[in-house]
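Novice:
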Amino acid sequence: MSRQALHEGWVLRAVPGPQVPAAVAGRAVPATVPGCVHTDLLAAGLIPDPYLDDNEHAVAWIGRTDWVYETTFRHEPGDEDRVDLVCAGLDTVATVSVNGVEVGRTENMHRGYRFDVRSLLRAGDNTLAVRFDSAYRYAEAHRDRLGDRPNAYPEPFGFIRKMACNFGWDWGPTLVTAGIWQPIGLHAWSTARLAHVRPLVTLDGPDGRVELHVEVERAGDAPLTVRAAVAGASGTVTIPPGERGAVLTLTVREPARWWPRGYGEPARHLLDVTLSTPDGDTLDVWSRRIGFRSVRLDTSPDAHGSAFTLHVNDVPVVARGVNWIPDDVFPTRVTRARLAERLTQAADANVNLLRVWGGGRYESDDFYDLADERGLLVQQDFLFACAAYPEEEPFRGEVEAEAREQVTRLAAHPSLVLWTGNNENIWGWHDWGWQEPLAGRTWGHGYYFDLLPRVVADLDPTRPYWPGSPWSGSEDVHPNDPAHGTTHIWDVWNTDDYTRYRAYTPRFVAEFGYQAPPAYATLRRALSDDPLAHDSPGMAHHQKAADGDAKLRRGLDAHLPAPRDFDDWHWLTQLNQARAIRLGVEHFRSLRPVCMGTIVWQLNDCWPVTSWSAVDGDGRRKPLWYALRRAYADRLLTVQPRDGGLVVVAVNDGGTAWRASASVARLTLAGEPRAKTSVDLDVPAYASVVLALPPELARPDEARRELLVAEAGDTAERALWFFAEDRDVEWPAAELDATVTPVDGGQRVRVTAGTVLRDLTLFPDRLDPAATVDEALVTLLPGESVTFTVTADAPLDPAALTSRPVLRCVNDLPPAGR
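Positions 6 to 823 (the numbering used here) are the ones given, in order, by the sequence shown.
#1: Can you tell me the Cα-Cα spacing of Y452 and G363, whole angstroms?
#2: So, using beta-carbon positions, are K549 and G177 closer together than 8 Å?
#3: Can you give the Cα-Cα distance for F793 and V754, rounded to whole angstroms?
#4: May I have the straight-line CA-CA distance separating R223 from R198, to the nearest angstrom?
#5: What number of angstroms, rounded off, separates the C-alpha of F387 from the C-alpha of P469?
#6: Could you give the first and the last residue of the continuous beta strand (DSSP E) run that contains G240?
#7: Keeping to the same chain, check which residues put their C-beta closer than 6 Å to that of R127; ignore five residues upstream and five downstream.
#8: Rounded to whole angstroms, what's the CA-CA distance from D798 to R166? Just pull it up for me.
#9: For W439, report the span of its beta strand (DSSP E) as first-last.
#10: What residue does the beta strand (DSSP E) around V327 start on, and which one ends it?
#11: Measure the CB-CB distance between W186 and D89 and report whether it falls below 8 Å.
#12: Between which residues of its own chain and A675 is the CB-CB distance below 7 Å, once the five residues before and five after are set aside?
#13: Express the C-alpha separation of F400 and H43 in angstroms, rounding to a whole number.
#14: If you run the structure through DSSP and keep just helix, strand and coil, what is L191?
#15: Enumerated in chain order, which unbroken segments of the alpha helix (DSSP H) with a length of 4 residues or greater are wholly contained in the segment 331 to 380?
#16: Which term fits P536, buried or exposed, when burial requires 16 or more other beta carbons within 10 angstroms of its beta carbon?
#17: Report the rounded CA-to-CA distance for E516 versus T207, giving the unit in angstroms.
#18: Counting pairs of Cβ atoms below 8 Å between the segment 304 to 313 and the segment 592 to 602, do you hit three or more?
#19: If the criterion is Cβ atoms closer than 8 Å, does the pair R379 and R266 meet it?
#20: Tell me whether the beta-carbon of N430 lies closer than 8 Å to the beta-carbon of F389.
#21: Distance check for D573 and P472, CA to CA, integer angstroms please.
#22: Since L217 sits in a beta bridge, which residues does DSSP pair it with?
#23: Distance, Cα to Cα, V339 vs R347?
#24: Can you tell me whether DSSP reads Y637 as helix, strand or coil?
#25: Judging by CA-CA distance, which residue of R325, P283, P260 is the nearest neighbour of R634?
#26: For the alpha helix (DSSP H) containing K556, list its first residue and its last residue.
#27: With respect to the alpha helix (DSSP H) encompassing Q411, which residues constitute its N-terminal and C-terminal limits?
#28: Note down, in chain order, each residue of its chain lying with its Cβ closer than 8 Å to the Cβ of E160, except the 5 sequence neighbours on either side.
#29: Taking C-alpha atoms, which residue in Y631, R360, G449, P260 lies nearest to V404?
#30: Give every residue of the same chain whose Cβ lies closer than 7 Å to the Cβ of G624, excluding the five residues on either side of it in the sequence, and list them in chain order.
#31: Which of the three DSSP states is assigned to N131 in this structure?
#32: Cα-Cα, which of P747, A670, A692 is closest to T873?
#33: Once DSSP output is grouped into helix, strand and coil, what is the label at G822?
#34: I need the straight-line Cα distance from P245 to V257, nearest angstrom please.
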């Protein structure tokens, strides 16, 4: 057996057409494989960077052009029975030819293909060509044949098995890609090979159980032997002549279990599988690290509706989640190191679950391996989003083949705990005016309620399947009913103030979010606007949400002083995003155990854009990231309005009891006490307690001049409650003393408050795009201090580092009337 990567010597040509620019027409462009047309043209200097300014429009022709990749490779024939051309991923409508002979066609980005080419290969030089037809032309032809279906955007993404967000989204550009986006190469083999290895890993009491399903592809009828070993257990099974599969069960005595982050160590064990002849000659091998754990989903009815609680190893897990979108429009730019950085950012924000959203892609093996390693749970959507999808051929067959391949591929990963049928399509059918234009045509119901659950039950019964996000659990209950199953909350962003989060008592919030622009350094890299303004051309182009700028302004008007300039607008919109999501998360966590999960929209971005992300398209952390880190902390103190008064809720998502002395004080903005109480906290592991506050604490004498402070020493971050909105608070003009001290790798900035300082935040990227800071959104009372650690390659100017617009707080700009 041998493998030969075919990644060298490729050139790319545009098939002639009137839309092809003269600079590209007829030109052979060096191509990187794996890669895509856009990145090849960009590397050759033939197109502008589509992420900058409005260059997205200048490259729109690429998606409506046919392309041909071609290379020449050497081959020396051997005595193998088969030589396969293995294409792990072609994007998307491809015709593959070897030495001028067509060997196959593809029309699905989300699956791999294998073609027997032994008879076509010759000694010496061989040619391999892959022609990609326009994804637009393919999708529009099927749309015209089958009849249009409604969707969220005026693009035909529902009529092609391709990453839907390539066609644009309310956070992403319209950049319709083509190319050999996954590895391609030759696989020479004899007798048999391992076609599929699917370990179903569970627990049987204290012991681990691996039910290993093996499928082989044969080039002969000899008996075959499969041997497997993991964690000291091993076994063999024979595949008789002519048969193509076997099941081997291994029992591991009391293995170290895989636990999600915050519940234990994510222990993994190496599983080795070998395929051999009866004489013991090795034919093929397969190896993965697996984790022993059980998963179940509790959806039982109760007094509040019906639950939605994940249990891992029979322990109910509160999901502290974020939604994940493709980290780049061009997937081959997303390296393992970049994924490791993103998943580290998630874990450092106390996240324990990532939902891979259905409008993107099934992520790379690196993504799931890193999630396994870090104990991050993964909810995986099948790839349907915000559209009615046709169920006719060729789509039904492609969807089943894609689902079977991906379920099999991901079965070994302990991090994957939930399959979800789609994103918002069931909700769309109910509420988005789809039924009349559909006029009885298929829209995806058969996928979500029949095909996909059958595939999961057949191939991966160890994990639960849920038909959609959102989904109530029953076709008799509205799909987005907060009292049942999962819910998405988007009225807050679209129409209502973020305090409306408190009107919900959901069981599990799978999406909710609030927008803000990216970091200043990200904007300055991506936009040439001079000056920058909230509505300058580049800012407007990089705001993809409908009425997004107006919604940002509505949110500011409800809470914060009016911005005087772009610097104020940038700071306040980022602050408002952080405030909105922290309020929502803390409210939902305070409802434990009724609400057992939140998945914030969204962790990341795929390009520089104003969006709902906590980490922007250049990988910089927005203030929201720091707010998430607090709101998702293992131990949370939060003040909540309940029944006309106020309560303090102590939430303990740690594995040990939380015992501490806590105090709650009503203070003036000058720090003078008006009322105070103390209480002994005793919160069991993975539980919460609610403490009602007496009226003298819950009712201020002067709402615009007072706040509430709840503290539990150093066992948790203190909780604050302001009795009035910032725009109405009688903030004193900010007074502070700041000192800057050099340290290895950066500087420490110590700020001491002369007055209350609300949400003090440093933005060192304004001075050095590579600079970062360890903390943000710190509120200080008079006399208190905080130290920020700034990491930078070179020292930053201390005066600039400690003044506007780098150092900000709410009360460094005047409220109305001051």
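Note that beta-carbon positions come from the ideal geometry of N, C-alpha and C, so glycine has one too.
Specialist: With the structure as the only source:
#1: Counting from 1 along the sequence shown, the entry for residue 452 is found at position 447. Counting from 1 along the sequence shown, the entry for residue 363 is found at position 358. C-alpha separation (whole angstroms): 14 Å.
#2: Here residue 549 refers to the residue found at position 544 when the sequence shown is read from its first residue. Here residue 177 refers to the residue found at position 172 when the sequence shown is read from its first residue. Cβ distance < 8 Å, so K549 and G177 count as in contact.
#3: What you label residue 793 is simply residue 788 of the sequence shown in a count that begins at 1. What you label residue 754 is simply residue 749 of the sequence shown in a count that begins at 1. Cα to Cα, the separation comes out at about 5 Å.
#4: To locate residue 223, count along the sequence shown from 1; it is residue 218. To locate residue 198, count along the sequence shown from 1; it is residue 193. So the two alpha carbons sit approximately 7 Å from each other.
#5: The count along the sequence shown starts at 1 and reaches residue 387 at position 382. The count along the sequence shown starts at 1 and reaches residue 469 at position 464. Straight-line Cα distance between these residues: approximately 13 Å.
#6: The residue labelled residue 240 in the question sits at position 235 within the sequence shown. Segment 238 to 244, the beta strand (DSSP E) holding G240.
#7: Sequence index remark: in the sequence shown, residue 127 carries index 122 (1-based). The answer is none, since no qualifying residue turns up.
#8: Looking up residue 798 in the sequence shown gives position 793. Looking up residue 166 in the sequence shown gives position 161. C-alpha separation (whole angstroms): 44 Å.
#9: The residue labelled residue 439 in the question sits at position 434 within the sequence shown. It is not in any beta strand (DSSP E) - W439 carries neither H nor E in the DSSP assignment.
#10: Along the sequence shown, one-based indexing puts residue 327 at 322. Residues 324 to 329.
#11: Numbered from 1 along the sequence shown, position 181 holds the residue referred to as residue 186. Numbered from 1 along the sequence shown, position 84 holds the residue referred to as residue 89. In this structure, W186 lies away from D89, with their beta-carbon atoms at least 8 Å apart.
#12: Locating residue 675 in the sequence shown gives position 670, counting from the first residue. Cβ within range, chain order: P787.
#13: The residue given as residue 43 occupies position 38 in the sequence shown. The residue given as residue 400 occupies position 395 in the sequence shown. Taking the straight line from one Cα to the other gives about 27 Å.
#14: In the sequence shown, residue 191 corresponds to position 186, counting from 1. The three-state reading of DSSP puts L191 in strand, counting E and B together.
#15: 341 to 353, 370 to 379
#16: Position 531 of the sequence shown holds residue 536. Burial call: exposed.
#17: The residue labelled residue 516 in the question sits at position 511 within the sequence shown. The residue labelled residue 207 in the question sits at position 202 within the sequence shown. Within the model, the alpha-carbon separation for E516 versus T207 is close to 29 Å.
#18: yes
#19: Within the sequence shown, residue 379 is the residue found at index 374, counting from 1. Within the sequence shown, residue 266 is the residue found at index 261, counting from 1. Yes, the Cβ-Cβ distance between R379 and R266 is below 8 Å.
#20: To locate residue 430, count along the sequence shown from 1; it is residue 425. To locate residue 389, count along the sequence shown from 1; it is residue 384. Contact check for N430 against F389 passes: the beta carbons are separated by less than 8 Å.
#21: The residue given as residue 472 occupies position 467 in the sequence shown. The residue given as residue 573 occupies position 568 in the sequence shown. Cα-Cα distance, rounded: 44 Å.
#22: Within the sequence shown, residue 217 is the residue found at index 212, counting from 1. According to DSSP, L217 bridges with P204, L253.
#23: Reading the sequence shown from its first residue, position 334 is the one you call residue 339. Reading the sequence shown from its first residue, position 342 is the one you call residue 347. Those two C-alpha atoms are separated by around 10 Å.
#24: Residue numbering aside, residue 637 sits at position 632 when the sequence shown is read from its first letter. Y637 falls in the coil class under three-state DSSP.
#25: Looking up residue 634 in the sequence shown gives position 629. Checking every option, the nearest Cα to that of R634 belongs to R325.
#26: As a first step, residue 556 is located in the sequence shown; it is residue number 551 there, counting from the start. It spans 553 to 564 - the alpha helix (DSSP H) in which K556 sits, taken as one unbroken run.
#27: The residue you call residue 411 lines up with position 406 of the sequence shown. Note, Q411: alpha helix (DSSP H), 400 to 415.
#28: As a working note, residue 160 is residue 155 in the sequence shown. Answer for E160: F172, G173, T179, listed in chain order.
#29: Position 399 of the sequence shown, counted from the first residue, corresponds to residue 404. Looking at the Cα atoms, G449 is the closest of the given residues.
#30: In the sequence shown, counting from the first residue as 1, residue 624 sits at position 619. Cβ within range, chain order: E346.
#31: Taking the first residue of the sequence shown as position 1, residue 131 is located at position 126. If DSSP states are grouped into helix, strand and coil, N131 belongs with the strands.
#32: Within the shown structure, residues of the chain are numbered from 6 to 823, placing residue 873 beyond reach of any answer.
#33: Counting from 1 along the sequence shown, the entry for residue 822 is found at position 817. Low local confidence applies: a pLDDT of 48 at G822 is under 50, so the model's placement there is unreliable, with the coordinate-based value given in what follows. It is coil, neither helix nor strand.
#34: In the sequence shown, the residue the question calls residue 245 occupies position 240. In the sequence shown, the residue the question calls residue 257 occupies position 252. Near 27 Å, if we compare the C-alpha coordinates of V257 and P245.
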